[in-house]
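Each residue of the sequence shown is one higher than the last, beginning at 395 in this note's numbering. The C-beta atom is built at its ideal place from N, Cα and C for all residues, glycine as well.
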Amino acid sequence: MKMWSGRFRHPLDPQFERWQRSFDFDQRLLRYEIAASAAHARALKNAGIVSSDELISILEGLQKIGQETGSGKPIEDDEAEDVHHYVEKHLVALIGDLGYKLHSGRSRNEQIVTDLRLYVRAAIDELRGQLSELCDAFVRRAEQADIAAVPGYTHLQPAEPVLLAHWLLAYVEMFLRDADRLADCRERVNACPLGSGSVAGATLTLDRALMANELDFSAPTNNSIDATSDRDFILEFVNVLSLLALHLSRWAEETILFSSQEFGYLHLPEAYSTGSSAMPQKKNPDLLELVRGKTGRVIGAETTLSVTLKGLPLAYNKDLQETQQPLFDAADTIFTLLPLITGFMKAVEFDYGRMSEAAQSGFMNAWAAATYLVKRGVASRLAHEQIGKAVKLCLEKECELQDLTLDELRALNPAFDESFYECLKLKSVLAIHDVIGGTAPDRVRQALAAARNKIEALREEVHAHA
Ligand code: ARG
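Laid out in structure tokens, this is it:
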């Protein structure tokens with residue numbers, strides 16, 4: 395039996411009927427639908443609408459549906475309009491007309507949004523767990539890299555050497571911010587719409603606090619009109635995913651570049667690369683390219699959601715059904731990416747020799763050289779100018795700053811002495827960046843310890859929600 399056929403004189407156009415259904419994709423909400431229905435059934439019992447015995451039958455029936463369909467295989471059902479209809483239909487098949495009583499006082503409008511909140515909350519917990527593993531892999535590689543240096547770029551031109559660990563920790567910062575954003579989003583997701591009814595609130599005096607508590611929500615939502623039509627939490631979640639994807643994509647782009655023959659800072663792990671069907675020598679960075687490519691999907695989902703929501707009057711409109719697929723697609727995309735990237739990071743081979751060579755050429759010690767003069771009392775603008783002239787001389791002579799003679803240097807400024815050559819060495823150049831957040835090895839060691847602590851805290855939080 396349909397959930398709404400009473401007032402209709404004519405059957406639906408079969409093509410339309412098929413087309414407007416959502417069961418193909420909302421069936422993944424089944425476990426949440428069952429949990430939410432159980433909470434509603436308990437509230438009905440408290441409101442005196444179902445008896446204790448009836449409640450037991452309903453709960454047993456719901457449990458059975460959960461067991462029968464918990465295999466994860468796609469469910470084929472020629473009748474079910476959506477996950478709500480599917481559960482009602484099966485409940486009636488199991489316990490008879492009592493199954494229809496479950497719908498007393500509630501509306502699918504509150505049900506779908508409850509299921510979606512439960513789904514997003516679980517997805518957040520899962521993703522934060524995955525992010526902690528990803529960060530852990532980055533931090534381990536940073537620890538292994540010790541004091542290995544790599545060129546730091548601005549404008550993609552060599553700028554100053556940095557520790558490889560510092561570069562890796564830059565990404566850890568982004569991912570930890572993403573994990574924080576997910577936690578922040580979770581706070582707003584974690585409110586229970588049950589009892590909001592269709593638009594005006596349930597038609598029975600149901601105990602909303604009880605239902606919220608039952609489903610581990612922090613509180614009932616405040617306003618029934620908002621609760622049934624609000625999908626901010628989906629958009630907010632996908633916003634966070636799109637920002638995370640964007641971070642992953644920047645990392646992928648940079649890693650592709652660094653893996654190229656021209657840079658050669660790292661070797662792609664074979665387990666995560668593919669060959670060319672034509673050119674026998676090729677090893678291609680497909681994982682990284684797909685990470686970059688799939689970011690487009692996630693940003694697309696974010697855009698789809700914004701556009702779907704922007705013109706909707708309050709409260710529920712069927713357009714809202716269209717928010718589900720972008721949500722699932724964005725979440726699935728990130729779910730599959732994160733463990734792959736973690737695997738890639740464990741396997742990637744850094745070429746420390748090549749990086750360090752690159753970090754010691756191309757005048758990346760020029761700012762340190764100017765700082766040498768500044769520390770000797772030379773005004774920074776003049777020091778900049780004088781080292782600029784030294785670089786110009788090097789370009790003519792095809793050498794590096796450390797190859798200039800003291801006489802050549804003193805012609806630019808008499809403040810130069812022997813100690814200048816020490817300050818040009820990679821070790822000294824790294825060491826002078828001795829500020830919080832800088833690349834001096836001691837500072838990076840502190841940053842590593844701080845990142846470790848944050849990852850531990852994240853793991854504990856994830857564990858607490860499990
Ligand atoms: N399948 C619908 C959705 O995803 C469920 C809610 C239907 N409500 C309604 N009034 N037709 O939005």
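Own chain, CB closer than 8 Å to residue i, minus 5 neighbours either side, in chain order
i: L449; result: A435, R436, L438, K439
i: R582; result: D626, F627, E630
i: L640; result: T689, I693
i: D509; result: D420, L423, Y426, E427, A430, V477
i: R515; result: R580, V583, N584
i: D828; result: A834, D836, R837
Own chain residues within Cβ distance below 7 Å of residue i, not counting five before or after
i: K483; result: E473, A474
i: R686; result: S643, A646, E647
i: T765; result: I826
i: R846; result: V533
i: E816; result: S822
i: K676; result: G669, S670
Top-ranked residue by Cα proximity to residue i, from the options
i: E683; options: L714, K704, L731, F657; result: L731
i: I650; options: L635, M395, V742, F722; result: V742
i: W413; options: P552, K712, R500; result: K712
i: S667; options: H641, S498, F738; result: F738
i: G499; options: A441, L550, G669; result: A441
i: L512; options: L557, D420, V593; result: D420
i: F810; options: D519, A763, F652; result: A763
i: R415; options: Y480, K704, L824; result: Y480
i: D519; options: D471, A760, N584, I735; result: N584
i: E554; options: K396, I735, W761; result: W761
i: K848; options: A594, R571, I735; result: R571
i: A487; options: L681, H404, K458; result: K458
i: Q715; options: G460, E504, D471, H497; result: E504
Sub-8 Å separation of residue i and residue j beta-carbons
i: A543; j: S750; result: yes
i: S618; j: Y710; result: no
i: D476; j: F417; result: yes
i: L662; j: A430; result: no
i: F744; j: L842; result: no
i: L800; j: A784; result: no
i: L795; j: F757; result: yes
i: P835; j: L558; result: no
i: A531; j: K740; result: yes
i: G455; j: L424; result: no
i: I443; j: L598; result: yes
i: L798; j: L787; result: yes
i: S612; j: S501; result: no
Same chain only: Cβ atoms within 6 Å of residue i, ignoring 5 sequence neighbours per side
i: Q754; result: L820
i: P720; result: A695, T698, L699
i: A724; result: V632, L635, V692, A695
i: P679; result: I650, S653, L662
i: R887; result: The structure shown does not extend to residue 887, since the chain is modelled only from 395 through 860, so no value can be given for it.
For this session: Spell out a yes or no on whether the segment 596-612 and the segment 524-539 are touching, meaning 3 or more CB-CB pairs, one atom from each, closer than 8 Å.
Result: no
For this session: Count the C-beta pairs between the segment 842-852 and the segment 566-580 that are closer than 8 Å, then say yes if the count reaches three, no if not.
Result: yes
Exercise. So, do the segment 446-460 and the segment 488-502 have three or more beta carbon pairs nearer to each other than 8 Å?
Worked result: yes
Exercise. Does the segment 549-566 come close enough to the segment 528-540 to have 3 or more Cβ pairs within less than 8 Å?
Worked result: yes
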